[in-house]
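Worksheet: the structure to be examined is printed underneath.
In the UniProt record's numbering, the protein residues as written are 1 to 444.
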């Protein structure tokens, strides 16, 4: 029978659909047996890991099809006809429309995990296209933490006489989660964040920010203050997103700073504390954010920052969860001791963020946000060499990328081309990046 399952986060929804699929595959082995649709790339990779772990004894083959990866490489994987296909809707539709020989006409199981978020991310058109090209004679399992009008509409369109399994009848958080709020002026958010991280040192943290830009800014701020923080947001390349999660899961980094890309479905073990640095604009997202801790019977804590501009949003959260949260205890005098150190770090970060923006405007090689070849936490200040051009036997053109900090005056000698490059900068005599072109002759 078709199933619609509603349950709180961390309650084992993945195993609830993985085990029946593996049982069916054991009885009737065939390629393209099941399709699992997920809203995010990270959740797709996590589900794949769980399928491979649970189905290792029967040799189950899984393929993950998500955006941000090479289409041709994915087409080659699809040509091997795996048993389980785990995909985001957008990239799957791309392959259904463009990859020759690929179809899902023999599909037996369709699973939509985190269905409410799939629909909230405007994947409705893609989901409709997928439903039109898969067999009607199939089993459909729809899982969601919340029942929305869009989910009800999808249920009517894709499920036949479903069995409804509802673990939770209202929006709620798990009992072992200790939830707090802290009311502070917006200009002191950074100081209070650093104070809490110092006070609760030794724990692992997930810090949620509202935008990609604030995620990067907060990560840079904490690194400048000596914390091992790693960012995760939608503008990072897929490889860097996976690397960031891997480092946090392996406890190489104690702080993961993320947008809502990591708020749903991801099972990251041993997250001790969730901090809502920016309060979520949608109350239901609060449940998913704090659901990253206190999973599978463990205890956990969450702290939500509420500024003078967030009171209405916070009241909606309390109304949704039918609970008034206690105030997190802090001593203002102890917090303000850190003000000077944090202010200095903020000044440094402001310059670094400007460097990042300038590099984007200049169209130069992306860096610092996760696309550089070095570790995501390191800032590489110094000289980076890139060799371009063809050798004519006598010499080779070499591009030197120089980072010069706190310069007062720069004296330029050389071709007018170099000076023209510098004149493009807003301040030609005090710049942070200079591009010089030299011709270097090599002795044979």
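All C-beta atoms in this analysis are idealised placements derived from N, C-alpha and C, irrespective of residue type, glycine included.
Legend entry - residue 310 versus residue 276: straight-line alpha-carbon distance, rounded: Between residue 310 and residue 276, the alpha-carbon positions lie close to 12 Å from each other.
Inset, instruction - Indicate the three-state DSSP secondary structure (helix, strand or coil) for residue 309 in the structure shown. - result: coil
Legend entry - Nearest neighbour of residue 196, chosen from 299, 159, 328, 260 [CA to CA]: 328
Inset, instruction - Can you say whether residue 281 is buried or exposed, counting buried as having 16 or more other CB atoms within 10 angstroms of its CB? - result: exposed
Legend entry - Closest residue to residue 64 among 58, 56, 55, 84 (Cα-Cα distance): 84
Inset, instruction - Check residue 375 in the structure and name its three-state DSSP category. - result: Its pLDDT being 40, under 50, residue 375 is placed unreliably by the model, and nothing is read from it.
Legend entry - C-alpha distance - residue 7 paired with residue 337, whole-angstrom precision: The straight-line gap from Cα to Cα measures roughly 44 Å.
Inset, instruction - Using only alpha-carbon positions, find the residue among 66, 3, 173, 330 that is nearest to residue 154. - result: Cα-wise, what sits closest to residue 154 is 3.
Inset, instruction - Count the other C-beta atoms from every protein chain shown that fall within 10 angstroms of the C-beta of residue 288, then say buried if there are 16 or more, exposed otherwise. - result: buried
Legend entry - Three-state secondary structure assigned by DSSP to residue 145: coil
Inset, instruction - Output the distance between the C-alpha atoms of residue 53 and residue 61, rounded to the nearest integer angstrom. - result: 11 Å
Legend entry - Local conformation of residue 302 per DSSP, three classes: strand
Legend entry - residue 368 to residue 356 span [Cα, whole Å]: Caution applies to residue 368, whose pLDDT of 45 falls short of 50 and renders its modelled position unreliable; the model cannot decide the point.
Inset, instruction - Mind checking which residues open and close the beta strand (DSSP E) that includes residue 112? - result: 109-112
Inset, instruction - Evaluate residue 413 with the Cβ neighbour count: other Cβ atoms within 10 Å of its Cβ, from every protein chain shown; 16 or more gives buried, anything less gives exposed. - result: The predicted model places residue 413 with a pLDDT of 39, which falls under 50 and marks its position as unreliable; any figure quoted below should be read in that light. Of the residues assessed, residue 413 falls on the exposed side of the cut-off, its CB having fewer than 16 other CB atoms within 10 angstroms.
Inset, instruction - Buried or exposed for residue 122, please, with buried defined as at least 16 other CB atoms from any protein chain shown within 10 angstroms of its CB. - result: exposed
Inset, instruction - Have a look at the DSSP bridge pairing and note the partners of residue 276. - result: 208, 304
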